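Chains as they are written, first to last, in numbering that gives the first Met the number 0: chain A, 0 to 91; chain B, 0 to 91; chain C, 0 to 91; chain D, 0 to 91.
Cβ coordinates follow ideal geometry from the N, Cα and C atoms, glycine included.
If you're wondering where the values come from, they're calculated on a predicted model, not measured in any experiment.
Structure, as structure tokens:
There are 4 protein chains.
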Amino acid sequence: MSHTIEKKGKILQRVRRIRGQVEAIERALAEERSCGDVLQQIAAIRGAVNGLMTEVIEDHIRFHIVDPSTDSDVDRARGAAELIEVIHSYLK
Amino acid sequence: MSHTIEKKGKILQRVRRIRGQVEAIERALAEERSCGDVLQQIAAIRGAVNGLMTEVIEDHIRFHIVDPSTDSDVDRARGAAELIEVIHSYLK
Amino acid sequence: MSHTIEKKGKILQRVRRIRGQVEAIERALAEERSCGDVLQQIAAIRGAVNGLMTEVIEDHIRFHIVDPSTDSDVDRARGAAELIEVIHSYLK
Amino acid sequence: MSHTIEKKGKILQRVRRIRGQVEAIERALAEERSCGDVLQQIAAIRGAVNGLMTEVIEDHIRFHIVDPSTDSDVDRARGAAELIEVIHSYLK
Numbered sequence: 000m001s002h003t004i005e006k007k008g009k010i011l012q013r014v015r016r017i018r019g020q021v022e023a024i025e026r027a028l029a030e031e032r033s034c035g036d037v038l039q040q041i042a043a044i045r046g047a048v049n050g051l052m053t054e055v056i057e058d059h060i061r062f063h064i065v066d067p068s069t070d071s072d073v074d075r076a077r078g079a080a081e082l083i084e085v086i087h088s089y090l091k
Numbered sequence: 000m001s002h003t004i005e006k007k008g009k010i011l012q013r014v015r016r017i018r019g020q021v022e023a024i025e026r027a028l029a030e031e032r033s034c035g036d037v038l039q040q041i042a043a044i045r046g047a048v049n050g051l052m053t054e055v056i057e058d059h060i061r062f063h064i065v066d067p068s069t070d071s072d073v074d075r076a077r078g079a080a081e082l083i084e085v086i087h088s089y090l091k
Numbered sequence: 000m001s002h003t004i005e006k007k008g009k010i011l012q013r014v015r016r017i018r019g020q021v022e023a024i025e026r027a028l029a030e031e032r033s034c035g036d037v038l039q040q041i042a043a044i045r046g047a048v049n050g051l052m053t054e055v056i057e058d059h060i061r062f063h064i065v066d067p068s069t070d071s072d073v074d075r076a077r078g079a080a081e082l083i084e085v086i087h088s089y090l091k
Numbered sequence: 000m001s002h003t004i005e006k007k008g009k010i011l012q013r014v015r016r017i018r019g020q021v022e023a024i025e026r027a028l029a030e031e032r033s034c035g036d037v038l039q040q041i042a043a044i045r046g047a048v049n050g051l052m053t054e055v056i057e058d059h060i061r062f063h064i065v066d067p068s069t070d071s072d073v074d075r076a077r078g079a080a081e082l083i084e085v086i087h088s089y090l091k
């Protein structure tokens with residue numbers, strides 16, 4: 000069973016929040032609000048998508064590849080922990 | 000009248016396509032499809048958001064600040080053209 | 000006279016710091032330090048490059064296109080201020 | 000032996016190219032060249048840093064965590080292959 004299934008609820012919540020942000024831009028355009036607002040809303044969506052990707056990649060590593068908190072192979076566990084750490088700093 | 004109003008149709012189309020991509024991830028999660036698919040779908044959304052931001056920023060420059068194709072101030076027009084060019088290469 | 004000339008000192012300082020960071024990776028590789036370090040150093044350079052680009056773009060807007068703090072055209076000044084704001088949030 | 004050691008030569012070459020690009024910006028500033036050039040050079044460095052990160056992360060996965068081309072665990076190998084693929088599309 001994939002982590003996206005096990006953690007479906009949490010990830011779905013993030014995805015729905017992003018959908019809500021996209022729908023908010025549709026409304027802002029329909030209501031002809033200032034493009035300063037639209038620009039900031041797009042920037043916020045990109046941030047949310049990066050957050051979603053970071054979470055799904057971390058879960059993917061832990062669930063499908065190596066879970067640093069449980070793997071008996073010390074080197075491999077450290078390698079996975081280092082990867083998760085750099086994904087967080089690089090995708091933020 | 001803001002460029003987001005004048006070009007509403009075109010921008011709204013991009014935004015709706017992004018909404019469609021987000022909804023596709025909701026379905027992929029609901030249908031418990033492989034997270035390899037979900038990972039690629041998220042990457043595609045980030046690309047689409049970057050594309051949307053690039054277009055809205057370019058329109059914002061042309062409509063609200065300086066349109067390189069019509070501005071009589073040569074230096075200012077070249078400055079705006081250089082900015083549009085680097086936005087395209089940096090946000091892709 | 001271009002902003003990169005007028006503000007050369009400040010920008011050059013940033014660029015030299017980035018060169019220092021790149022040279023630090025060369026040393027880390029030569030000294031065969033852990034790749035966890037190298038990964039974080041690369042992430043730090045990408046952050047510094049984004050910071051450099053944000054500063055040069057803002058200066059480019061103020062110097063070559065429209066300075067929101069001095070331009071007599073209110074709409075154009077607000078448009079430039081909105082653009083500078085979204086560049087800061089999007090490129091960070 | 001870490002992949003950064005084993006593949007030192009190749010990674011060092013990439014890092015030195017990036018250093019060369021940074022030094023080129025120092026020269027462009029010293030020679031007071033147009034900021035259009037400087038903007039594009041910064042964008043090129045950010046692209047090169049993303050390329051470097053992608054290569055070091057892929058090597059990190061293959062060398063320290065799971066090499067999809069040799070690992071006997073089919074699920075884990077596929078998980079690693081999917082991760083490498085999304086890193087390439089997300090960091091480009």
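Three-state secondary structure (DSSP) of residue i
i             : result
E31 (chain A) : coil
T69 (chain A) : coil
K9 (chain D)  : helix
M0 (chain A)  : The pLDDT assigned to M0 (chain A) is 39, lower than 50, so where the model puts this residue is not dependable; a value taken from the coordinates is nonetheless given after this. In the structure shown, M0 (chain A) sits in coil (DSSP, three-state: anything other than H, G, I, E or B).
R16 (chain C) : helix
Cβ-based burial, residue i [other Cβ within 10 Å; buried from 16]
i             : result
A42 (chain D) : buried
V21 (chain C) : buried
G19 (chain A) : exposed
A29 (chain B) : exposed
V73 (chain D) : exposed
Q12 (chain A) : exposed
K9 (chain C)  : exposed
beta-carbon residue i near the ligand SAM non-hydrogen atom, thresh 8 Å
i             : result
A76 (chain B) : Inclusion of the ligand SAM in the displayed structure is not the case, the ligand content being empty and no account of it being possible.
Three or more beta-carbon pairs under 8 Å between the region 45 to 60 of chain D and the region 70 to 78 of chain C, yes or no?
-> The answer is no - the region 70 to 78 of chain C does not touch the region 45 to 60 of chain D, with fewer than three Cβ pairs under 8 Å.
Given 8 Å as the limit, is there contact between the region 33 to 47 of chain A and the region 53 to 64 of chain B, that is, 3 or more CB pairs closer than that?
-> Enough Cβ pairs lie closer than 8 Å, so yes.
In the region 34 to 62 of chain D, which residue ranges form an unbroken alpha helix (DSSP H) of at least 4 residues, counting only runs that do not cross its ends?
-> Secondary structure within the region 34 to 62 of chain D: the alpha helix (DSSP H) runs of 4 or more consecutive residues, fully enclosed, are 34 to 59 (chain order).
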